[in-house]
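Student:
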Amino acid sequence: MSKKNIEHIIELSNELRWQIGDDFHDNLTEGIYADAANIVRDSVQTEKGKKRFRLDSKIDKIVTSKTFGFPIMFLILGVVLWLTIIGANYPSSMLANLLLDTIHPALKSGASNIGMPWWLDGFLIDGVYLAVAWVIAVMLPPMAIFFPMFTLLEDFGYLPRVAFNLDNLFKKSGAHGKQALTMSMGFGCNAAGIVATRIIDSPRERLIAIITNNFSLCNGRWPTQILIATIFIGAVVPSSFSSVAALLSVIGIAVLGMAFMFLTSWGLSKTVLKGEVSTFNLELPPYRPPRFWRTLYTSLIDRTLIVLWRAIVFAAPAGAVIWLICNIHVSGDVSIAAWLIDSFDGFGWLLGLNGVILLAYIVAIPANEIVIPTILMLTVLATGMSGGEGAGVMFELDSISATGDVLRAGGWTLLTAINLMLFSLLHNPCSTTIYTIYKETKSAKWTAVASILPVILGFIVTFLVAQIWRLF
Amino acid sequence: MQTKVVKSACETCAHFNAEGLKKLGIHAENFDFVVALAGNPNTGKSTVFNALTGLRQHTGNWPGKTVTRAEGGFQYNEQKYKLVDLPGTYSLLSTSTDEEVARDFLLFGRPDVTVIVADANRLERNLNLVLQILEITDKAVLCLNLMDEAKRNSIVIDQRVLAKDLGIPVVATSARYKEGIPELIQTISEVANGTIVCKPHRIKNVSPNIEKAVKKLSKEIEKEFPGIANSRWIAFRLLEGDSQIIEALKTGELV
Amino acid sequence: MNDYNPISALIIFFGIAILLFLLFRPTKGWFWLLQKNFKSNEKVIIEDILKQLYHFENSGNKVDTRTLVEVLNFKNKRIVEAIKKMSINDLVYFDKDALKLTEEGHEYALRIIRVHRLWERYLADKTGFHKNEWHDRAERMEHKLSHDETNKLASQLGNPKFDPHGDPIPTKTGKIADIEGVELPRLPVNSIARITHIEDEPEVIYKQILAENIHIGSLLKVVENNNTRIVFHSEGEEFVLAPIVASNLTVLPIEKEVVIEENIARLSGLQENEMAEIIGISKESRGESRRRLLDLGFVKGSKIKIDLLNPLGEPHAYLVKGTSIALRKDQASKILIKKSEHAD
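Chains as they are written, first to last, in the numbering used here: chain A, 69 to 540; chain B, 748 to 1002; chain C, 6 to 349.
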């Protein structure tokens, strides 16, 4: 092989390319399909007159019809979410009982029996163990219910029809219909939603789907929303309506998230992502009966456990950090946490929040699941009230009204609650998600955009709400 | 519909040595052959992969699930095969990431056998990819999958004519029900060991001026790299101005 | 925080928001304007002058300093300074009043044009920018790319010979191909030709052409040609242009007998229960999206019909080669079809 000859071949190819013109690809593809048609004519026999896949097209006609298309879609999404939220309650509390109320005290007493120094036992058991246990207890059950259901729909072939039905909405904001699915997946877990954007093969639309996935309220945030709405929103209406009001406000937040998703998609496609290539294709595959047990197994392994493992990896050091900032003192007996809360208070107040919430969101970047326990612990720490398990030990209270009392003692008002709900929707993605974004885009730039954009939106929205609230 | 695993006719016949088969999952070290698994999206490619390796890769009914390459292995008659599941693509001529992954592996990974999984219900559409792959490699097996659905749709395929037209062995399977998998393994091993020699189909229906250019170019390429199997395909890519292939040509990676 | 007042907080917030908008709004933001002003240093002015001189010389016009001042968007003084510097560096010389390029200046100008056209090609083939933006972006890029970067870009793009408007791209060594063909108004009635070039200046006329569905590479057939108007058919549509607009189109007459299909319709116009055969894909669809369509089986000769209508109006799903594939309206409108007489 000689360099000169290779150069000659390349030169020749350049020359020939211009001789045959730019129809080459068209011509070649047409040629291949012509060959394919010849071969098929030789070897394939189809029964004449038989309509293709009768059952398939019947199902298709119904799920994409003007009358039934949308109701069926919302019904299915509603059922899936309802089953997830309601169905997860029971196993979640069982896991919490086991990991937080049984194993945690046992570990503590075991540690003191073998004479472990208080700081090591606090760091490992109250910090690392507790954070991990919390993430597992809150995260595992909903994901273990949500993902298999979603995967069953996927295997059946229904999801491409959803993308088909909704594409026009997404097109208007410069996105791809398949984003409907990655968005729904985000209701389960944003990290999983971002992995799912692989089904979008157009670069621009895929980036849009990745960056805006965080606007889907994930499993880690539903409990926060429900808890805060029950305590504060439920309290402003007559008690017979309180659960309905709480539910409606949570749904309102989720819908607001979708509105932000569309708005941001539109903005991104018109500005920073304008130059990315955009193509559209969507194949509607035939329906296939899913295999139930196999799906259960693979969705547990592929989605739930992988995401859970990532969350644990990130939650462990977060637990350590939370414990450390509460137990390391900067001057006299002021811990780092107390000092930080104090310095964030002004800015927090401007946003209608407080220092505790901001600090909780900073240390709880790894997982939204530990935001509420952290807030409670920090509130107790900052107000110096009795209760809680000690500095740096996250906790949750069994009764909702007791939780409300702690928060009100921490200076919470209805505004704080509303803005916390807004901020819980509009803040940076958790570190598992950020890491996943980086892995999927392999670009620090887009990871930064996806991480910072929502938190800026959160600041702006909560700020505006707080000012307008205070006007009246 | 049949749900039980049906014993295939060939599992008892002389060719297939059932005792010689061992599914290796992901533990495929020191393998003797590399087998690539290519095909259109949504042809049950991952199901074939799982059936061959005993793994349980997720197989969504959704085009483009396998974005990264999955690997697994099996052992048959004392020989170890490493199986690489490539992303499902419609073609190898465009520039999407999936297609690049698939194409790079076929071209630079140089698999000993390429199993092309095709949907028997949509053969014509699937042949687009098949014919492109046959320009790249000359050791291939066509796995005609989803035969159960084809039967339901009253589609009858004359496998012998198809095999003759394509110049490669054709195996009918319903990977979901493990039908045809033993025959597929047997055929893979025969192609790998050279018992079956393929004479792959070459794309014929291209317009005369292109054919002339391709001939001219591939002749030059063959002069430079004697014995190269896919000179025509390289010529196609050069005519399209594929910078990756030009680069590979310069560095000598192609041979 | 006692002196805090939500109204002043809101006023400060909106003040900042408006300021940020004014600074960073697309293209007209102050920040971009300042940046542009700051960047239009001597190099840019010199290169722009070279380019203008090249174009003027090519069209056989004489240029003096005044014409340059009129054409270029720079301050008078800076242009004069730049010309002074250029003549010192042997890039230009004065032939009486007229400004002319030296051989060196000519080479330099070709290099700039090469970058500009290559970059337009790049934008057209590898990015999603709209065609309205290609020119302006290339205008900025042509001053930035180094010699090596340009060559690398060229080889990545497969050493293209023409930019997306059909203008030839100068080679590494400064060779430049000719645009083949004649101006459209010179074509007799009934002749068939392929569009090879669309002149992008003056901008007013170019914008008019862009607004029409006219694309490089597509075939046309002249049906009427007189002093007041030129009428032609291309890709199933009829176009009526004033001769002055039409003369911005260069076309290459096709000698060989080609069949130009009559009664071409667009896939977007197909009704439910109608059958059709694909004739081809409009030249408007290009690059990656064109290849995708082809790979998905939207090739000449494929039978096609609507499989599913959409509750929201689009996309429709089309049945082609045994598979149902959804296309948006704008994609479907780029697929040329011929409806079958009988539905089967």
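For every residue, glycine included, the Cβ atom is placed at its ideal position computed from N, Cα and C.
Quick one: is Asn-278(C) near chain A, going by C-beta distance under 9 angstroms?
Tutor: No - not a single Cβ of chain A is within 9 angstroms of the one on Asn-278(C).
Student: What is the DSSP secondary structure of Glu-147(C), reduced to helix, strand or coil?
Tutor: It is coil, neither helix nor strand.
Student: Taking CB distances under 9 angstroms as the criterion, tell me whether Trp-86(A) reaches chain C.
Tutor: Interface residue, yes.
Student: Below 7 angstroms on C-beta distance, what does Tyr-101(A) contact in chain B?
Tutor: What Tyr-101(A) touches in chain B: Asn-875.
Student: With a cut-off of 8 angstroms on the beta carbons, I'd call Ile-200(C) and Leu-225(C) a contact; round off their distance for me.
Tutor: Ile-200(C) to Leu-225(C), Cβ: 6 angstroms. Contact.
Student: Taking the Cβ atom as the reference point for each residue, do Asp-103(A) and Asn-787(B) lie within a distance shorter than 9 angstroms?
Tutor: No, the pair does not count as a contact, with Cβ atoms beyond the cut-off.
Student: In terms of residue numbering, what span does the alpha helix (DSSP H) encompassing Gly-786(B) cover?
Tutor: Gly-786(B) -> not in any alpha helix (DSSP H); beta strand (DSSP E) instead, spanning 780–786.
Student: Considering Arg-280(C), what are the terminal residues of the beta strand (DSSP E) in which it resides?
Tutor: Reading off the sequence shown, one finds Met at residue 280(C), where the question assumed Arg. Note, Met-280(C): beta strand (DSSP E), 280–286.
Student: Does DSSP put Ser-346(A) in a helix, in a strand, or in coil?
Tutor: Coil, per DSSP.
Student: Measure from the C-beta of Ser-290(C) to each C-beta in chain B and report whether the shortest distance is under 9 angstroms.
Tutor: Judged by the 9 angstroms Cβ criterion, Ser-290(C) is not in contact with chain B.
Student: What residues in its chain sit with their C-beta under 7 angstroms from that of Ser-307(A), if we drop five residues either side in the sequence?
Tutor: Correct list: empty, nothing qualifies.
Student: Any chance the region 181–199 of chain A sits against the region 228–242 of chain A, with 3 or more Cβ pairs inside 8 angstroms?
Tutor: Contact between the region 181–199 of chain A and the region 228–242 of chain A is absent, because fewer than three Cβ pairs lie under 8 angstroms.
Student: Report buried or exposed for Val-318(A), applying the criterion of at least 16 other Cβ atoms within 10 angstroms of its Cβ.
Tutor: Its Cβ being crowded by 16 or more others within 10 Å, Val-318(A) is buried.
Student: Could you check what DSSP says for Asn-81(C) in three-state terms: helix, strand or coil?
Tutor: In this structure, Asn-81(C) counts as helix in the three-state DSSP scheme.
Student: Whole angstroms is fine: what's the gap from Pro-175(C)'s alpha carbon to Lys-33(C)'s?
Tutor: Near 33 angstroms, if we compare the C-alpha coordinates of Lys-33(C) and Pro-175(C).
Student: By the three-class DSSP mapping on this structure, what secondary structure does Ile-140(A) have?
Tutor: Ile-140(A) falls in the helix class under three-state DSSP.
Student: Here's a check: name, in chain order, each residue in its chain whose Cβ is nearer than 8 angstroms to the Cβ of Cys-969(B), leaving out the five neighbours to either side.
Tutor: What sits at residue 969(B) in the sequence shown is Glu, not Cys. Result list for Glu-969(B): Ile-975 and Ser-978, in chain order.
Student: Do you know whose CA, among Arg-538(A), Val-323(A), Ile-294(A) and Ala-322(A), lies nearest Ser-310(A)'s CA?
Tutor: Here the closest residue by C-alpha is Ile-294(A).
Student: Taking the alpha-carbon of Ala-182(C) as reference, which of Asp-168(C), Leu-192(C), Asn-195(C) and Pro-190(C) has the nearest alpha-carbon?
Tutor: It is Asp-168(C) whose Cα lies nearest to the Cα of Ala-182(C).
Student: Assign Arg-109(A) to buried or exposed, taking buried as 16 or more other Cβ atoms, counted over all protein chains shown, within 10 Å of its Cβ.
Tutor: Exposed is the call here.
Student: Please report the distance separating the alpha-carbon of Thr-484(A) from that of Leu-426(A).
Tutor: When rounded, the distance between both Cα atoms is 12 angstroms.
Student: Helix, strand or coil, according to DSSP, for Lys-829(B) in the structure here?
Tutor: In the structure shown, Lys-829(B) sits in a strand (DSSP, three-state: E or B).
Student: Going along chain C in order, which residues have a C-beta closer than 8 angstroms to the C-beta of Asn-713(B)?
Tutor: Because chain B here runs from 748 to 1002, residue 713(B) falls outside it and cannot be looked at.
Student: Using a C-beta cutoff of 9 angstroms, does Ser-14(A) count as contacting chain C?
Tutor: This structure gives no information on residue 14(A), because the portion of chain A shown stretches from 69 to 540.
Student: Got a sec, what are the start and stop residues for the alpha helix (DSSP H) Val-877(B) sits in?
Tutor: 870–883 is the span of the alpha helix (DSSP H), which, as asked, contains Val-877(B).
Student: From Thr-750(B) to Tyr-924(B), what does the alpha carbon distance come to, in whole angstroms?
Tutor: Its pLDDT being 37, under 50, Thr-750(B) is placed unreliably by the model, and the measurement read from it follows with that caveat. About 7 angstroms.
Student: Between Pro-947(B) and Asp-885(B), how many whole angstroms is the CB-CB distance? I'm expecting something under 8 angstroms.
Tutor: Sure, about 5 angstroms apart at Cβ, within 8 angstroms.
Student: Under three-state DSSP, which class holds Ile-968(B)?
Tutor: In this structure, Ile-968(B) counts as helix in the three-state DSSP scheme.
Student: From this set, Val-203(A), Val-131(A) and Leu-151(A), which residue's C-alpha is nearest Leu-373(A)'s C-alpha?
Tutor: Considering only alpha carbons, the answer is Val-203(A).
Student: Which residues in chain B sit within 7 angstroms of Thr-328(C), going by Cβ to Cβ distance?
Tutor: Those are Arg-869 and Arg-872, listed as they occur along chain B.
Student: What does Asp-912(B) touch in chain A if you count any residue whose Cβ is under 7 angstroms from its own?
Tutor: Chain A residues near Asp-912(B): Ile-107, Asp-110 and Ser-111.
Student: In angstroms with no decimal places, state the Cα-to-Cα distance between Pro-139(A) and Leu-149(A).
Tutor: Each residue's Cα considered, the two are about 15 angstroms apart.
Student: Looking at chain A, which residues of the region 158–176 of chain C have a Cβ within less than 8 angstroms of any of its Cβ atoms?
Tutor: Listed in sequence order: Gly-163, Asn-164 and Lys-166.
Student: Tell me which residue opens and which closes the beta strand (DSSP E) that Ser-239(C) is part of.
Tutor: First-last of the beta strand (DSSP E) with Ser-239(C): 235–239.
Student: Whole angstroms are fine: how far does the CA of Ala-199(A) sit from the CA of Ala-260(A)?
Tutor: Their backbone Cα atoms lie some 21 angstroms apart in a straight line.
Student: Rounded to a whole number of angstroms, what is the C-alpha to C-alpha distance between Ile-284(C) and Lys-136(C)?
Tutor: The straight-line gap from Cα to Cα measures roughly 25 angstroms.
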